Every structure is written in structure tokens, then in C-alpha cells.
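Participant: To convert a position in the sequence shown, counted from 1, into my numbering, add 119. Just so you know, even glycine gets a beta-carbon here, dropped at the ideal spot from N, CA and C. What you are looking at is a predicted structure, and each value in this text was computed from that prediction instead of being measured.
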Amino acid sequence: MVTERAAFFEDNGYLVVPGLVESADVAALRHEAADICRGRRGPIDGLDATDDPDDDAVMRRYLCIHFPHKISAAMRAALAAPPIVEVLAELIGPNVKCMQSMLFIKHAGKPGQAWHQDEYFIPTRDRSLAAAWIALDDATRENGTLWVLPGSHRNGVLWPMGPHDRDDEFDPGHEARDFPFDESQAVSCEVPAGGVVFFSGYLLHRSFRNRSTGFRRALVNHYMSAESLLPWDWDGRLSSTHDNRDIVLVRGEDPYAYKGTEDLTFPFLRAETPEQRHATQTVF
Ligand SMILES: O=C(O)CCC(=O)C(=O)O
Numbered sequence: 120m121v122t123e124r125a126a127f128f129e130d131n132g133y134l135v136v137p138g139l140v141e142s143a144d145v146a147a148l149r150h151e152a153a154d155i156c157r158g159r160r161g162p163i164d165g166l167d168a169t170d171d172p173d174d175d176a177v178m179r180r181y182l183c184i185h186f187p188h189k190i191s192a193a194m195r196a197a198l199a200a201p202p203i204v205e206v207l208a209e210l211i212g213p214n215v216k217c218m219q220s221m222l223f224i225k226h227a228g229k230p231g232q233a234w235h236q237d238e239y240f241i242p243t244r245d246r247s248l249a250a251a252w253i254a255l256d257d258a259t260r261e262n263g264t265l266w267v268l269p270g271s272h273r274n275g276v277l278w279p280m281g282p283h284d285r286d287d288e289f290d291p292g293h294e295a296r297d298f299p300f301d302e303s304q305a306v307s308c309e310v311p312a313g314g315v316v317f318f319s320g321y322l323l324h325r326s327f328r329n330r331s332t333g334f335r336r337a338l339v340n341h342y343m344s345a346e347s348l349l350p351w352d353w354d355g356r357l358s359s360t361h362d363n364r365d366i367v368l369v370r371g372e373d374p375y376a377y378k379g380t381e382d383l384t385f386p387f388l389r390a391e392t393p394e395q396r397h398a399t400q401t402v403f
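1) Whole angstroms are fine: how far does the CA of S247 sit from the CA of F318?
2) To which residues of the same chain is Q400 closer than 6 angstroms at the C-beta, ignoring the five residues directly before and after it?
3) Counting pairs of beta carbons, one from the region 247–257 and one from the region 194–213, are three or more of them closer than 8 angstroms?
4) In chain order, what residues of the same chain have a beta carbon less than 6 angstroms from the beta carbon of F334, not counting five sequence neighbours either side?
5) Find the nearest neighbour of R273 within the set F128, T122, R124, judged by alpha-carbon distance.
6) Say the cut is 6 angstroms; is the CB of A337 nearer than that to a heavy atom of ligand 1?
7) What are the start and end residues of the alpha helix (DSSP H) that includes R396?
8) Nearest-angstrom Cα distance between E394 and L166?
9) Can you tell me which of the three DSSP states I203 falls into?
10) Buried or exposed for H397, going by 16 or more other Cβ atoms inside 10 Å?
11) Please tell me whether, using a cut-off of 6 angstroms, the distance from the CB of Q236 to the nearest non-hydrogen atom of ligand 1 is below it.
12) Residue ranges of each beta strand (DSSP E) run of no fewer than 3 residues wholly in the region 297–374, ordered along the chain?
13) Where L368 and C217 are concerned, what is the direct C-alpha to C-alpha distance, given to the nearest angstrom?
14) Measure the beta-carbon distance from N214 to E381 and round it to whole angstroms, keeping in mind my assumption that it falls under 8 angstroms.
15) Anyone know if the C-beta pair for R296 and G320 falls short of 7 angstroms?
16) Roughly how many angstroms separate the alpha carbons of P311 and N329, rounded to a whole number?
17) Which whole runs of the beta strand (DSSP E) in the region 273–298 are 3 residues long or more, in chain order?
18) Is A250 close to ligand 1? I mean its beta-carbon at under 6 angstroms from any heavy atom of the ligand.
19) Determine the burial state of E302: buried for a count of at least 16 other Cβ atoms within 10 Å of its Cβ, exposed for fewer.
20) Roughly how many angstroms separate the alpha carbons of V402 and W266, rounded to a whole number?
21) How far does the beta strand (DSSP E) with A196 in it reach, from first residue to last?
22) Using only the heavy atoms of ligand 1, determine whether one of them is closer than 6 angstroms to the beta carbon of S326.
23) Report all residues from its chain with a CB closer than 7 angstroms to the CB of R149; omit the five preceding and five following residues, and keep chain order.
24) Alpha carbon to alpha carbon, what distance is there between A193 and M343?
25) Can you give me the start and stop residues for the beta strand (DSSP E) that M221 sits inside?
26) With DSSP run on the structure shown, which of helix, strand or coil describes Y133?
27) Excluding the 5 residues preceding and the 5 following M221 in the sequence, name in chain order all residues of the same chain whose CB lies nearer than 7 angstroms to its CB.
28) Give the C-beta separation of Q236 and W278 to the nearest angstrom, bearing in mind that I take them to be a contact with Cβ-Cβ under 8 angstroms.
29) Find the nearest neighbour of G132 within the set N262, E238, A147, M120, judged by alpha-carbon distance.
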């Protein structure tokens with residue numbers, strides 16, 4: 120049976136579900152984020168460990184840590200949080216695996232991410248890639264919440280990526296361009312802490328610089344159908360593969376369980392320009 124939520128997701132490419140994570144769990148994840156940033160859970164490429172007892176001071180320095188679930192039991196548990204997995208089963212199907220997590224800290228002044236589609240980077244064979252973007256702070260336009268272009272996933276096209284010249288707004292890298300959608304139709308997903316934005320790997324989305332004075336933290340986990348192989352070379356860091364087995368099954372059965380799993384990805388700090396790195400005290 121197609122639920123109302125699944126029908127909305129299929130049509131629009133995203134779905135906002137408020138209140139999926141209890142406030143005590145949100146607080147615990149924020150505190151865990153600080154310990155991850157201290158280096159207490161294990162090494163993170165590019166991070167300097169610190170004993171600073173002030174959670175905010177420790178987190179303020181970083182924009183985003185990739186693959187926190189590789190070193191943190193709490194982040195790994197968050198991948199399979201039952202209320203989130205229940206929604207994923209409606210959107211993706213009964214068998215769901217996860218291959219990526221990203222912990223956005225994004226303090227005041229930190230940049231957003233330019234237009235992109237996640238399947239451009241993480242290819243599935245059945246277009247089943249979907250993100251669960253968990254707000255760990257109230258996410259607002261001012262602090263740089265997620266914006267989506269509803270319906271932009273539908274035709275299943277991955278639009279060209281080219282370098283942007285907006286380091287004032289977005290983190291270094293590329294943006295999707297030449298797509299036939301009207302940017303003025305973009306929708307901002309303003310969601311209280313504990314709410315989750317689910318979105319398709321083909322949906323165009325972006326976020327802007329944090330123009331508030333506080334944090335805009337979000338934990339983003341990426342999932343797909345366990346039936347699909349995952350030909351993902353982690354942006355060229357791995358040799359090409361038919362099926363990357365660095366996955367965590369979060370629901371149902373894995374038809375490829377006979378292959379076992381691998382440990383290929385590792386935590387690292389997301390790149391920022393030197394100006395962005397030092398922008399933590401400056402609100403633009
Ligand atoms: O949280 C953000 O600011 C951007 C998230 C994003 O682009 C993604 O999860 O792919």
C-alpha cells in the first residue's frame with residue numbers, strides 16, 4: 120500500500136516529518152557531536168584533538184564531519200533509529216541499507232552547499248538513494264536550512280556540475296547547472312530540532328550560509344534499497360567497484376549478505392576555504 124507520505128515523496132522528491140527524534144536524543148547527539156569534534160571517539164582526517172570542556176567552542180571550528188558513524192556508537196545507532204527506519208521503509212521498500220553519514224555543525228558564518236543531487240556522487244542502480252536529514256537545532260532560513268526544488272527528481276536526469284564562484288555563500292566545489300527548473304520555486308524546509316527531511320538522491324537541493332549567531336546542526340544519513348548494488352568508488356578514493364560493501368543494513372534482509380561487509384570509508388573534515396575556516400565568529 121502506498122501511504123500518503125510515500126505518495127508525497129514520490130511526487131515531490133522530499134518529505135518533512137516533524138518530531139521523529141525525541142528532544143533528549145537530540146541533546147545526546149549534540150553532546151556526542153562535541154566529543155567527536157574533540158577527537159574522543161577516534162581519529163578524523165584533518166581534525167586536531169582537544170580537551171576543551173566547552174562543547175560550543177569545540178564544535179564552532181568545524182563545518183562538517185563525514186562518516187561519524189564509523190567511530191561513534193551513538194551515531195551508528197542513529198542510522199537505525201526505529202521511527203526513521205519506519206519512514207524509510209515506506210519510501211524505499213522493506214530492505215534498506217545505509218552507506219554514508221555526515222554531521223553538519225555549521226556555526227554562525229559557516230557556508231552552505233550549492234545546488235546538487237546526491238546520486239551524482241553516490242550512484243545506485245535503481246535511483247533509490249534517499250537522505251534522512253535530522254535537524255539537531257531548529258533549522259530556519261536565517262541559520263541556513265535546506266532548500267529543495269520540488270519535483271526536480273522526477274525525470275531521473277543528473278544535471279551537469281561545474282565550479283561555482285560563490286565562496287561567500289557555499290563551501291568550495293561545484294554546483295549543478297543548466298537544469299530546466301525555476302529556482303524561484305524552491306522551498307525552504309524549516310523544521311524544529313528532532314524533525315527529519317527525507318529527500319531523493321535525484322532531488323536538487325542546497326543550503327545557504329548561516330546568517331544567525333548560533334549553530335545549525337544536522338545529521339544526514341544516506342540510504343538505499345538493499346536490492347540494488349552500490350557501484351560507488353567514494354569519489355575516486357577507491358578502485359572502481361560493482362558493489363561497495365561498506366554498508367550497514369538498517370532494515371529487512373540483505374540479498375548480498377553472502378559477500379560480507381567491508382570497512383573502506385573513514386571520517387574526515389569537509390573542506391573549507393581558509394576564509395570559511397575562520398568565519399566562525401563573523402556573521403555575514
Ligand atoms: O545540510 C546542508 O546544509 C546540506 C546538506 C546536503 O546538501 C546533503 O545532505 O546532501
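Facilitator: In this structure, then:
1) 10 angstroms
2) Low per-residue confidence applies at Q400: pLDDT is 44, beneath 50, and the placement is therefore not dependable, though the value from the model is reported in the following sentence. None.
3) yes
4) H226, D256
5) F128
6) yes
7) 393–396
8) 17 angstroms
9) helix
10) exposed
11) no
12) 306–308, 315–319, 324–326, 337–344, 367–370
13) 6 angstroms
14) About 19 angstroms separates the two Cβ atoms, so there is no contact after all.
15) no
16) 16 angstroms
17) 280–282, 293–295
18) yes
19) exposed
20) Because V402 carries a pLDDT of 42, less than 50, the predicted location of this residue cannot be relied on, and no value is offered for it.
21) Looking at the DSSP string, A196 is not in any beta strand (DSSP E); the run it does join, the alpha helix (DSSP H), is 192–198.
22) yes
23) L255, R336
24) 21 angstroms
25) 215–223
26) strand
27) C183, H185, V339
28) 7 angstroms
29) E238
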